[in-house]
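Reviewing the structure listed below.
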Amino acid sequence: MSRVVILGAGISGHTVARYLNKWIGRQHEIVVVSPNAKWNWIPSNIWVGVGQMAEKDVTFDLAELYGKTHVDFRQAKAVSIHPEGNTGSAQPFVTVEYTNPAKAGVQENISYDFLVNATGPKLNFGATEGLGPEHGHTVSVCTASHAQEANHKLQASIDAMRRGELQTIVIGTGHGMCTCQGAAFEYIYNVDHTLREAGVRDKARLIWISNEYELGDFGMGGVHIKRGGYITNGKTFAESLMVERGIEWITRAHVKKVEAGKIHYETMDGTFHELAFDFSMLIPPFAGVGLKAFNKTGEDITSQMFAPNGFMKVDADYTQRPYLEWSARDWPKTYQTPSFRNIFAVGIAFAPPHLISKPMQSANGTPINPTAPRTGMPSAAMAKAVAMSIRDMLNGADKPTHTASMAEMGAACVASTGSHIFKGTAATMTVFPVVPDYEKYPEFGRDIDLTFGEIGLAGHWMKYLLHHAFIYQAKLRPGWSLIPD
Amino acid sequence: MGNITNREPYQQAYYPPAPTGFTRFMRTCLLWQLYRFVVINLKMLKLITKSHH
Ligand SMILES: Cc1cc2nc3c(=O)[nH]c(=O)nc-3n(C[C@H](O)[C@H](O)[C@H](O)COP(=O)(O)OP(=O)(O)OC[C@H]3O[C@@H](n4cnc5c(N)ncnc54)[C@H](O)[C@@H]3O)c2cc1C
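Below you can see the structure in the form of structure tokens.
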């Protein structure tokens, strides 16, 4: 019997766990280590952030679910990886620290035959002074509890507007090197909609601030879509949507510092600005969660296994090259680490070889460019590929059998812009592939048939469908594996 | 100074395309949207199928 240890029970870690449980749960041991008691369908946090859903609608208890499976769930956070074991034994292990109240702070070594790092991002609010809900002045929708708090502050702002006060609401990215513009993009439309429903939209100035070179870049270097007899840029689509809803925008911006009611930012031309606000949701930059790695003798090998930003190095080509020499082939396919055939990293936890948007700097040398997006659909696709590879390697394959390169897969983002089942609309956007491949698609780098954007009720229904289908799937309800990932 | 009758030109909102009434109507037209729902679902399924190797 072998043991597979999965670090993280988010979108990618839970996907690995549910497939391995289905395929090998009876013959082998599966251990999931994750610090939170709950699983969270993160995309629907947006609806929690405007009070349309409660935290309980987007989360469920992991111990309860895994209790019905062959998965051994440990509510703990991984601290370090020891891929060669230690001087006493060659068996690799991870050191974890329990976070559940009964065993809080207790450390334990868990040995493994295969390890999957699916620890997602560290929400690096500390990278920008004054950013974030805990030590700063802005709110966040990145976790369900953050989103709950965001809604309380938003409702307070709405109350102020009802009293006749004017409010400035700023939503976007909180640093020059953030990713996840899509989440902020969706949130601003939901806030707009909520203000309209409350009858106070005329009292609010709604401003989008982002590190994108142009609107609609989303960290993917923008997209081209077919629209009205033209192949047009996603910029046109995104700007039109903002104008229609009376939203202003500031792009090419690096938020340097946030004070109570004031955002300080620098723009690409090297100038510095201030923006007063009453309510602000700014996405933080992401980093790896800070796992350490040690060799057999206890020597620190973290820099060998992880990139400087804390993400785990996998089978990508990390050679530094100028933008024009980037290739779709640089992107990882199997997510196996180069030095250890039994360690994989999926979801946000793996280190991308480079950005997708062109790297840029302000006149003062400050990098202002979105980092590569790591959305849910690719996270699940790579998780399933790794689960299949581990299953096959346990059955004798000597190397990973399945691939899921972001240069060969698509992603979808449905940004709701209203909630009524007949009157609401949503912007549906898909790209294929996420990382443009100019060898395969010389003109735009992407398949124009599968890269599209449209606004309408259909997208809104899609969003509801995805919410219910993915929570149903994650809860392992009957027939869950028939739902595509 | 007389009443302001003109608009400040070339502002941010001046350039992007604005949807016509017909486009807006189609966005919530049930029949059309049901059709688009099927189309989007099929496109997404194709995208998902092409993403798994
Ligand atoms: C507000 C918001 C909206 C979004 N909307 C969309 C959308 O509409 N469509 C889309 O495709 N994507 C969307 N995304 C992106 C999507 O949520 C992520 O791509 C996805 O969650 C990444 O999955 P993951 O498993 O890598 O990370 P996560 O889902 O963040 O999971 C990481 C897991 O690791 C655990 N963990 C952390 N540290 C440790 C440790 N030391 N040891 C063990 N476990 C640890 C965490 O508790 C968590 O369980 C959105 C993101 C946000 C923030």
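Protein chains in written order, with the numbering used here: chain C, 1 to 485; chain R, 486 to 538.
Heads up, the beta-carbon is just placed ideally off N, CA and C, and yes, glycines get one too.
Only a predicted model underlies this, so the values are computations on that prediction, with no experimental measurement involved.
Identify whether residue i lies in helix, strand or coil by the three-state DSSP scheme.
{"i": "phenylalanine 422(C)", "result": "coil"}
{"i": "leucine 355(C)", "result": "coil"}
{"i": "phenylalanine 350(C)", "result": "strand"}
{"i": "glutamine 148(C)", "result": "helix"}
{"i": "proline 43(C)", "result": "helix"}
{"i": "threonine 194(C)", "result": "helix"}
{"i": "arginine 329(C)", "result": "helix"}
{"i": "methionine 429(C)", "result": "strand"}
{"i": "aspartate 72(C)", "result": "strand"}
{"i": "threonine 508(R)", "result": "helix"}
{"i": "aspartate 57(C)", "result": "helix"}
{"i": "histidine 273(C)", "result": "strand"}
{"i": "glycine 556(C)", "result": "Absent from the structure is residue 556(C), since the part of chain C shown begins at 1 and ends at 485."}
{"i": "alanine 397(C)", "result": "coil"}
{"i": "glutamine 320(C)", "result": "coil"}
{"i": "tyrosine 335(C)", "result": "coil"}
{"i": "glutamine 496(R)", "result": "coil"}
{"i": "glycine 453(C)", "result": "strand"}
{"i": "glutamine 167(C)", "result": "strand"}
{"i": "valine 16(C)", "result": "helix"}
{"i": "tyrosine 472(C)", "result": "helix"}
{"i": "lysine 77(C)", "result": "strand"}
{"i": "tyrosine 98(C)", "result": "strand"}
{"i": "arginine 374(C)", "result": "coil"}
{"i": "serine 405(C)", "result": "coil"}
Considering Cα atoms alone, identify which of the options is closest to residue i.
{"i": "glutamine 486(C)", "options": "Lys296(C), Ala415(C), Thr95(C)", "result": "Because chain C in this structure spans residues 1 to 485, residue 486(C) falls outside the shown range and cannot be described."}
{"i": "lysine 235(C)", "options": "Pro400(C), Phe185(C), Arg321(C), Phe286(C)", "result": "Phe185(C)"}
{"i": "leucine 282(C)", "options": "Ala253(C), Asn309(C), Val414(C)", "result": "Ala253(C)"}
{"i": "tryptophan 23(C)", "options": "Glu214(C), Arg391(C), Gln107(C), Leu476(C)", "result": "Arg391(C)"}
{"i": "glutamate 259(C)", "options": "Val79(C), Leu206(C), Leu131(C)", "result": "Leu131(C)"}
{"i": "serine 536(R)", "options": "Thr451(C), Pro436(C), Asp449(C), Ala411(C)", "result": "Ala411(C)"}
{"i": "leucine 515(R)", "options": "Lys440(C), Val435(C), Lys423(C)", "result": "Lys423(C)"}
{"i": "proline 332(C)", "options": "Gly229(C), Asp72(C), Asp315(C)", "result": "Asp315(C)"}
{"i": "glycine 51(C)", "options": "Asp317(C), Arg205(C), His146(C)", "result": "His146(C)"}
{"i": "histidine 273(C)", "options": "Ala287(C), Lys256(C), Val289(C)", "result": "Lys256(C)"}
{"i": "glutamate 149(C)", "options": "Gly13(C), Ser357(C), Met53(C), Pro322(C)", "result": "Met53(C)"}
{"i": "aspartate 317(C)", "options": "Thr337(C), Thr302(C), Ile455(C), Gly298(C)", "result": "Thr337(C)"}
{"i": "asparagine 342(C)", "options": "Thr334(C), Ala349(C), Ile348(C)", "result": "Thr334(C)"}
{"i": "aspartate 113(C)", "options": "Val435(C), Leu466(C), Lys463(C), Asn395(C)", "result": "Asn395(C)"}
{"i": "phenylalanine 237(C)", "options": "His224(C), Gly246(C), Glu248(C)", "result": "His224(C)"}
{"i": "methionine 312(C)", "options": "Glu325(C), Gly288(C), Pro322(C), Gln320(C)", "result": "Gly288(C)"}
{"i": "tyrosine 187(C)", "options": "Cys142(C), Gln361(C), Leu166(C), Met360(C)", "result": "Cys142(C)"}
{"i": "isoleucine 169(C)", "options": "Gly136(C), Ile207(C), Ala183(C)", "result": "Ile207(C)"}
{"i": "tryptophan 47(C)", "options": "Gly453(C), Ser416(C), Ile231(C)", "result": "Ser416(C)"}
{"i": "asparagine 295(C)", "options": "Asp72(C), Gly88(C), Val200(C), Ser280(C)", "result": "Gly88(C)"}
{"i": "isoleucine 448(C)", "options": "Ala102(C), Gly229(C), Gly174(C)", "result": "Gly229(C)"}
{"i": "alanine 503(R)", "options": "Met377(C), Ile42(C), Pro433(C), Glu239(C)", "result": "Glu239(C)"}
{"i": "proline 285(C)", "options": "Ile301(C), Met268(C), Lys292(C), Gly310(C)", "result": "Gly310(C)"}
{"i": "valine 106(C)", "options": "Val79(C), Glu64(C), Gly126(C), Asp159(C)", "result": "Val79(C)"}
Per DSSP, residue i is paired with what?
{"i": "phenylalanine 93(C)", "result": "His82(C), Ser111(C)"}
{"i": "leucine 563(C)", "result": "The displayed coordinates of chain C run from 1 to 485. Any statement about residue 563(C) would go beyond what the structure contains."}
{"i": "methionine 312(C)", "result": "Phe306(C), Phe350(C)"}
{"i": "proline 367(C)", "result": "Gln361(C)"}
{"i": "glutamate 29(C)", "result": "Arg3(C)"}
{"i": "valine 414(C)", "result": "Thr428(C)"}
{"i": "valine 486(C)", "result": "Missing from the structure shown is residue 486(C); chain C here goes from 1 to 485 and no further."}
{"i": "aspartate 300(C)", "result": "Phe294(C)"}
{"i": "glutamine 181(C)", "result": "DSSP output for glutamine 181(C) lists no bridge partner at all."}
{"i": "alanine 287(C)", "result": "Lys122(C)"}
{"i": "lysine 38(C)", "result": "Asp61(C)"}
{"i": "valine 139(C)", "result": "Met281(C)"}
Name the chain A residues whose beta carbon is nearer than 9 Å to that of residue i?
{"i": "methionine 462(C)", "result": "Reference to chain A is not applicable here, since the protein chains of this structure are C and R."}
Return the residues of the segment 390-406 of chain C that lie within a Cβ-Cβ distance of less than 9 Å from chain R, sorted by chain order.
Within the segment 390-406 of chain C, the residues whose Cβ lies closer than 9 Å to some Cβ of chain R are His402, Thr403, Ala404, Ser405, listed in chain order.
Residues of the segment 527-538 of chain R whose Cβ lies closer than 9 Å to any Cβ of chain C, in chain order:
Only Lys528, Met529, Leu530, Lys531, Leu532, Ile533, Thr534, Lys535, Ser536, His537, His538 from the segment 527-538 of chain R bring a Cβ to less than 9 Å from some Cβ of chain C.
Just by C-beta distance, which residues in the segment 304-336 of chain C are closer than 9 Å to chain R?
Those would be Lys333, in chain order.
Taking any Cβ of chain R, which residues in the segment 427-451 of chain C have a Cβ under 7 Å from it, in chain order?
Thr428, Thr430, Phe432, Leu450
Every unbroken beta strand (DSSP E) within the segment 200-271 of chain C, with a cutoff of 3 residues, ordered by chain:
204-209, 224-227, 230-233, 247-250, 253-259, 262-267
Using a beta-carbon distance cut-off of less than 7 Å, what residues from the segment 222-248 of chain C approach chain R?
Thr236, Glu239, Ser240, Val243, Glu244, Glu248
If contact means a Cβ-Cβ distance below 8 Å, which residues of the segment 167-186 of chain C contact chain R?
none
Chain-ordered residues of the segment 493-513 of chain R with a beta carbon less than 8 Å from chain C
Answer set for the segment 493-513 of chain R: Gln497, Ala498, Tyr500, Pro501, Pro502, Ala503, Pro504, Met511, Arg512, Thr513.
Please name the residues in the segment 365-389 of chain C whose beta-carbon is closer than 8 Å to at least one beta-carbon of chain R, in chain order.
Met377, Pro378, Ala381, Lys384, Ala385
What residues from the segment 85-110 of chain C come within 9 Å of chain R, judged by C-beta to C-beta, listed N to C?
none
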